[in-house]
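Chemist: Going from the sequence shown to the numbering used here is simple: count from 1 and add 668.
Below are the structure tokens for one structure; questions will follow.
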Amino acid sequence: MKILVSIKRVPDPYAKIRLTPQGALDTVGLNWTMNPFDAIALEEALRIREKGVATEIIVVSIGGPEVEETLRTALAMGADRAICILEERPPDPQRVSQLLAAIYHREQPRLILMGKQATDDDSNQVGQRLAALLQLPQATFASSIHLASDGQTAQVTREVDSGREILELTLPAVITADLRLNEPRYVALPAILKARTKPLLRLSGFELVPLTSPGFLLVKRETPPPRKPGRKVQNVEELIAALREEAKVLPNKTS
């Protein structure tokens, strides 16, 4: 059974993000990494293979040549081969879904895994859009995945506002990973060296899916305004007065 894992290259979530005067992302000195939720999805694929249910794990990423570094990290974690889809401009969620759908038809995996969202835009759209395009069952925000030994069905526990929901899916299906699903493994140096010998295929995004009008237009980026420093109050009365007169979150006293 093949598992296809979609991964994205994102700025380090712990890095301080800066903008240029033109409003673009300032990439000078910025560290990049694999989207943490995608790393969780990849780890789950590796664990499924270790149980003998899956036989091959394919990772795919979309972007410029720089995403190959992220793909090599995925290969070092244990993926069998990688696909780099080259795009000249950052793709919107619909474009990403269309490109992943093309890879699905090419590879015919039984399971598609990815993070529930990317930490750079928190879009939370690709998994759902991809499942709709392919007309496949889907489970989002998965905190537990159990595949049947024959690889025909998957039982997924997902996080919802009211608690947990358990779904049973017939494969092939799309599943997006929540933070609670697992903890990704560390990569040892021998695995990093071995990853350089694993196959990495480069494909043109335009040749896979011709470009169309973008699904959305990025109008502006801006940093949040600086927060005022907090201050200590001596008693409840002073706190209430500050909330009423300064923060304006409490109604004024009525006569």
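C-beta atoms are modelled at their ideal positions from N, C-alpha and C, and glycine is treated no differently.
Everything numeric in this text was worked out from a predicted model, so none of it was measured.
I need the straight-line Cα distance from residue 620 to residue 917, nearest angstrom please.
Modeler: With the chain represented from 669 up to 923, any question about residue 620 goes unanswered, as that position is not in the structure.
Chemist: Could you give the DSSP three-state label for residue 807: helix, strand or coil?
Modeler: As a working mapping, residue 807 is identified with position 139 in the sequence shown. If DSSP states are grouped into helix, strand and coil, residue 807 belongs with the strands.
Chemist: Residue 669 by DSSP, collapsed to three states: which one?
Modeler: Within the sequence shown, numbered from 1, the residue matching residue 669 stands at position 1. If DSSP states are grouped into helix, strand and coil, residue 669 belongs with coil.
Chemist: Tell me where the beta strand (DSSP E) around residue 679 begins and ends.
Modeler: Indexing the sequence shown from 1 puts residue 679 at position 11. From DSSP, the beta strand (DSSP E) with residue 679 extends over 677 to 679.
Chemist: Hey, could you find the ends of the alpha helix (DSSP H) residue 735 is sitting in?
Modeler: Taking the sequence shown and counting its residues from 1, the one referred to as residue 735 is at position 67. Here the alpha helix (DSSP H) through residue 735 covers 735 to 745.
Chemist: Note the first and the last residue of the continuous beta strand (DSSP E) segment covering residue 683.
Modeler: Taking the first residue of the sequence shown as 1, we reach residue 683 at position 15. Where residue 683 is concerned, there is no enclosing beta strand (DSSP E), given that its DSSP letter is neither H nor E.
Chemist: Indicate the three-state DSSP secondary structure (helix, strand or coil) for residue 795 in the structure shown.
Modeler: Here residue 795 refers to the residue found at position 127 of the sequence shown. Of the three classes helix, strand and coil, the one that applies to residue 795 here is helix, per DSSP.
Chemist: Could you round the C-beta distance between residue 777 and residue 672 to whole angstroms and report it? I think they count as a contact, below 8 angstroms.
Modeler: As a first step, residue 777 must be located in the sequence shown, where it is residue number 109. As a first step, residue 672 must be located in the sequence shown, where it is residue number 4. Indeed they touch by this definition, with Cβ atoms about 4 angstroms apart.
Chemist: Count the other CB atoms within 10 Å of the CB of residue 911; is the residue buried (16 or more) or exposed (fewer)?
Modeler: Counted from its first residue, the sequence shown places residue 911 at position 243. Looking at its Cβ environment, which holds fewer than 16 other Cβ atoms inside 10 Å, residue 911 is exposed.
Chemist: What are the boundary residues of the alpha helix (DSSP H) that residue 863 is part of?
Modeler: What you label residue 863 is simply residue 195 of the sequence shown in a count that begins at 1. Where residue 863 is concerned, the enclosing alpha helix (DSSP H) stretches over 857 to 863.
Chemist: Quick one, are the C-beta atoms of residue 879 and residue 840 less than 7 angstroms apart?
Modeler: Here residue 879 refers to the residue found at position 211 when the sequence shown is read from its first residue. Here residue 840 refers to the residue found at position 172 when the sequence shown is read from its first residue. It is not a contact, given that the beta carbons lie outside the stated cut-off.
Chemist: Assuming residue 836 is part of the alpha helix (DSSP H), what are its boundary residues?
Modeler: One-based indexing of the sequence shown puts residue 836 at position 168. Premise fails: residue 836 lies in the beta strand (DSSP E), 831 to 838, not in any alpha helix (DSSP H).
Chemist: Would DSSP call residue 899 helix, strand or coil?
Modeler: Position 231 of the sequence shown, counted from the start, is the residue given in the question as residue 899. Coil.
Chemist: Excluding the 5 residues preceding and the 5 following residue 870 in the sequence, name in chain order all residues of the same chain whose CB lies nearer than 7 angstroms to its CB.
Modeler: On the sequence shown, residue 870 is found 202 positions in, with the first residue counted as 1. The residues are 752 and 754.
Chemist: Would you list the one or two residues that DSSP bridges to residue 822?
Modeler: Residue numbering aside, residue 822 sits at position 154 when the sequence shown is read from its first letter. Looking at the DSSP assignment, residue 822 forms a beta bridge with 815 and 837.
Chemist: Under the rule that 16 or more other beta-carbon atoms within 10 Å means buried, what is residue 711, buried or exposed?
Modeler: As a first step, residue 711 must be located in the sequence shown, where it is residue number 43. Burial call: buried.
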